[in-house]
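Per our numbering, the sequence shown starts with residue 54, numbered consecutively.
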Amino acid sequence: MLQAIIQLDGITSIKDKRRIVTSVKQRLRNKFAVSAAEVDLLDSLQFAQIGAALVTNDPQHGRRVMQKITLFLEDQIPGRLYDVETHLEEFGN
């Protein structure tokens, strides 16, 4: 799982923010085959919190995908990546 806070500059309406957030979520889904959603800060104009989740049987693959998502967000989003947290859960037999 990954949660990222994005600082969005110059946003003047929730509609503009939603357009950007929807684009980011769709790009994450298409490029990395993850589930993605806006998970918090819904009413903030300046910040968006995006969550992404992946289920895999290979923990290394999960880590690589989350690292790639972080790099993607740093390079591709129209704002500044403010905070990123990742969490991995492994279940044994």
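Even for Gly, the Cβ is constructed at its ideal location relative to N, Cα and C.
Keep in mind it's a predicted model, so treat the numbers as computed, not measured.
Same chain only: Cβ atoms within 7 Å of residue i, ignoring 5 sequence neighbours per side
i: L134; result: A57, I59, L126 and E127
i: I73; result: L61 and P131
i: G106; result: Position check: residue 106 holds Ala in this sequence, whereas Gly was assumed. Contacts found: M54, V87 and S88.
i: R197; result: Outside the displayed range of the chain (54 to 146) lies residue 197, so it cannot be described from this structure.
Collapsed DSSP secondary structure at residue i in the structure displayed
i: F85; result: helix
i: I58; result: strand
i: V92; result: strand
i: I122; result: helix
Cutoff 6 Å; reference residue i; Cβ partners in own chain excluding five residues on either side
i: T139; result: L55 and M119
Sheet register partners of residue i (DSSP bridge)
i: D136; result: I58
i: I103; result: A57 and E91
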